[in-house]
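Here is the structure we will look at.
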Amino acid sequence: MWIDLSTLYFLAIGTLLLSAGMLFWEGQSRPKHLRAITCLAAGFGTLAVGCALALARGHLPGALGAIVANMVMMAGYLLVFEGTAALGGHRRRAISLTILIAVGLMWTLSGARGQHAVWNYVSALPIALVSGLTMWEMCCNDSFRALRARRVVIAFTALHTLFYAGRAFVLPVLAPIFGAPLLTAASTVTMYEGVLYSVGLPMALMALFREEAHEQVLTASRTDYLTNLGNRRWFFEDGERFLHTWGGDGRVFLLAFDLDHFKSINDRFGHAMGDEVLKLFARFARRAVGHSAILARIGGEEFAALLPCRSSTEAMALAQGVVSRFAEAVADPDAGLGVRATVSIGLAELGVDGTELPILLSAADSALYQAKASGRNRIVLAKAQPFAVAN
4 MWIDLSTLYF
14 LAIGTLLLSA
24 GMLFWEGQSR
34 PKHLRAITCL
44 AAGFGTLAVG
54 CALALARGHL
64 PGALGAIVAN
74 MVMMAGYLLV
84 FEGTAALGGH
94 RRRAISLTIL
104 IAVGLMWTLS
114 GARGQHAVWN
124 YVSALPIALV
134 SGLTMWEMCC
144 NDSFRALRAR
154 RVVIAFTALH
164 TLFYAGRAFV
174 LPVLAPIFGA
184 PLLTAASTVT
194 MYEGVLYSVG
204 LPMALMALFR
214 EEAHEQVLTA
224 SRTDYLTNLG
234 NRRWFFEDGE
244 RFLHTWGGDG
254 RVFLLAFDLD
264 HFKSINDRFG
274 HAMGDEVLKL
284 FARFARRAVG
294 HSAILARIGG
304 EEFAALLPCR
314 SSTEAMALAQ
324 GVVSRFAEAV
334 ADPDAGLGVR
344 ATVSIGLAEL
354 GVDGTELPIL
364 LSAADSALYQ
374 AKASGRNRIV
384 LAKAQPFAVA
394 N
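Under the working numbering, residues 4 to 394 are what the sequence shown spells out, in order.
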């Protein structure tokens with residue numbers, strides 16, 4: 004079914020206005036991206052106005068209708084570019100203003116004879132440029148890199164870039180050969196592509212925001228609010244993947260930590276101080292085990308870590324460093340908290356003390372209980388004798 008050009012214009016105007024309204028509504032529930040989404044909504048709304056002016060350009064004197072319509076449409080594309088840049092925390096006003104001025108100069112210098120060529124061919128070049136810049140901003144946005152909808156946004160902007168680049172460079176070569184029918188067909192195909200763009204890109208952007216919100220909720224459900232470490236649920240989910248990744252290539256150890264006499268810290272200094280001790284230990288443990296390790300708060304004052312080590316001696320040395328240096332760090336009145344706090348550790352090895360995470364954690368917990376019973380502030384290797392740290 005072939006739809007006439009005027010109907011396609013009306014369809015594009017309607018879908019652009021609908022997309023602008025939906026994006027504006029979406030922005031009200033996304034305060035983090037409110038400015039960017041508002042800019043995007045304004046961009047699609049401005050494109051709708053530009054399409055309406057393009058449809059009515061014949062009713063304005065001379066080339067004024069084409070000039071105004073093209074300038075307004077460029078402003079819309081630049082607002083979409085600005086909104087996409089704002090999602091990455093950037094402002095591109097200087098670039099946008101430069102492009103808009105260049106388009107204005109292009110129309111001014113084209114003269115009466117050149118305005119037909121500008122409308123049919125040359126005006127497509129800045130649209131391709133701005134669409135390419137929009138694609139580049141999304142490609143460089145690291146905060147959305149893991150989201151699947153990001154690839155859809157990039158695909159739509161890439162398609163729009165290639166289409167208008169073809170209109171700018173290929174159409175001028177073919178038009179003298181095939182004449183006016185080709186220009187008419189090109190205008191119709193442009194509007195078909197424009198309708199696809201006006202629906203696809205806004206929907207992809209909204210999918211991106213929804214996917215980001217879902218990931219944030221999922222992350223919050225797997226994160227301990229106090230220490231920003233993973234929680235028990237995250238430990239078991241990612242821990243299983245960690246064992247499959249590292250278990251076949253080397254030795255993996257599980258360290259179970261428990262802060263000694265933690266209740267007495269809360270009773271003597273208050274829960275606020277207890278929270279600070281937990282947060283300090285979380286930071287200290289993260290530095291000690293490294294960022295490649297799985298580290299989580301699995302209970303009130305209980306933590307667990309999964310990490311690869313070349314030997315049990317290396318794992319024991321790392322654990323001993325945590326035990327001895329944490330007690331010094333937390334007691335330091337200047338760099339620490341000025342309170343006495345120590346930690347006991349149970350150490351288990353994958354394959355020796357268990358081949359599954361729950362069994363491995365149980366073995367490390369049993370060793371931890373032995374460390375507690377043996378006087379605390381020490382390390383116990385599962386199925387081994389306590390290894391005490393000198394006080």
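Even glycine gets a Cβ: it sits at the ideal position worked out from N, Cα and C.
Predicted model, so just to flag it, every value in this text is computed and none were measured.
Residue j beta carbon less than 8 Å from that of residue i
i	j	result
F284	E215	no
M319	L384	yes
G53	A44	no
E300	L371	The question names Glu, but residue 300 is Arg in the sequence shown. Result no, Cβ atoms of R300 and L371 do not sit closer than 8 Å.
A127	Y167	yes
F306	A291	no
G68	I40	no
M141	V155	no
L340	M276	yes
F239	L360	yes
V106	M74	yes
L132	I102	yes
F245	L204	no
L8	T248	no
Simplified DSSP assignment, three categories, for residue i
i	result
T230	coil
C142	helix
L384	strand
G341	coil
R94	coil
A39	helix
D7	coil
D335	coil
E317	helix
T358	coil
S32	coil
H62	helix
A391	Low local confidence applies: a pLDDT of 46 at A391 is under 50, so the model's placement there is unreliable, with the coordinate-based value given in what follows. A391 falls in the strand class under three-state DSSP.
L108	helix
H119	helix
A149	coil
S201	helix
V176	helix
R154	helix
R225	coil
Neighbourhood of residue i by C-beta distance below 7 Å, restricted to the same chain and skipping five residues each side
i	result
H163	S134, Y200
T316	none
A296	A308, L309, L310
A23	A44, F47, G48, A51
F27	T41, A44
Same chain only: Cβ atoms within 8 Å of residue i, ignoring 5 sequence neighbours per side
i	result
L150	L211, E214, E215, E218
S314	R254
A322	L258, I348, L350, I382
V280	L262, F265, I268, V333, L340, V342, A344
Whole-angstrom C-beta distance between residue j and residue i, which should lie under 8 Å
i	j	result
N2	T358	Examination of residue 2 is not possible in this model, given that the chain is present from 4 through 394 alone.
L58	Y124	Incorrect: roughly 20 Å between the Cβ atoms, too far for contact.
L90	H36	6 Å
R170	A189	7 Å
Residues bridged to residue i (per DSSP)
i	result
V307	In the sequence as presented, Val is not what sits at residue 307; that position holds Ala. In the DSSP output, where bridge partners are listed per residue, A307 has A259, A299.
V346	L262
C2	Outside the shown range of the chain (4 to 394) lies residue 2, about which nothing can therefore be said.
E352	F256
Close Cβ partners of residue i (< 6 Å) along its chain, the five nearest in sequence each way excluded
i	result
I16	A51, C54, A55
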